[in-house]
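**Student:**
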Amino acid sequence: MSGKASELGCSSGDLSCLCSKPDYSYGIRDCTAQACPNDDANAVVSSALASCPTSSGTSLTPTQFDSHW
8 MSGKASELGC SSGDLSCLCS KPDYSYGIRD CTAQACPNDD ANAVVSSALA
58 SCPTSSGTSL TPTQFDSHW
């Protein structure tokens, strides 16, 4: 998803900016759902979102992702 930073209006590596964009979290969810077995998907999403600064403004959590798979 970092490669899509410019599409989200952020600089590459700017986690504060990326994490504030709901599409960043949705992209992580979607990529994870395609690449990982369901057993591992929540752990991967949790790990990815854990790298976001706590004041990112996003309120999405891995449990919210479950209902979209």
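Note that the sequence shown covers residues 8 to 76 in our numbering. From the three backbone atoms N, C-alpha and C, an ideal C-beta is built for every residue, glycine too.
Taking all protein chains shown into account, decide if SER58 is buried (16 or more other Cβ within 10 angstroms of its Cβ) or exposed.
**Tutor:** Flag for SER58 reads exposed.
**Student:** Can you tell me whether ALA50 is buried or exposed, with buried defined as 16 or more other CB within 10 angstroms of its CB?
**Tutor:** Exposed: under 16 other Cβ atoms inside 10 Å.
**Student:** Please go through the same chain and pick out, in chain order, the residues whose beta-carbon is closer than 6 Å to the beta-carbon of CYS43, but skip the five residues on each side of it.
**Tutor:** Correct list, in chain order: VAL51.
**Student:** Spatial neighbours of CYS24 within its chain, please: C-beta separation below 6 Å, excluding the five flanking residues on both sides.
**Tutor:** If we look at CYS24 and ignore the five residues flanking it on each side, its Cβ neighbours are CYS17.
**Student:** Straight-line CA distance for ASP47 to ASP30?
**Tutor:** Approximately 21 Å between the Cα atoms of the pair.
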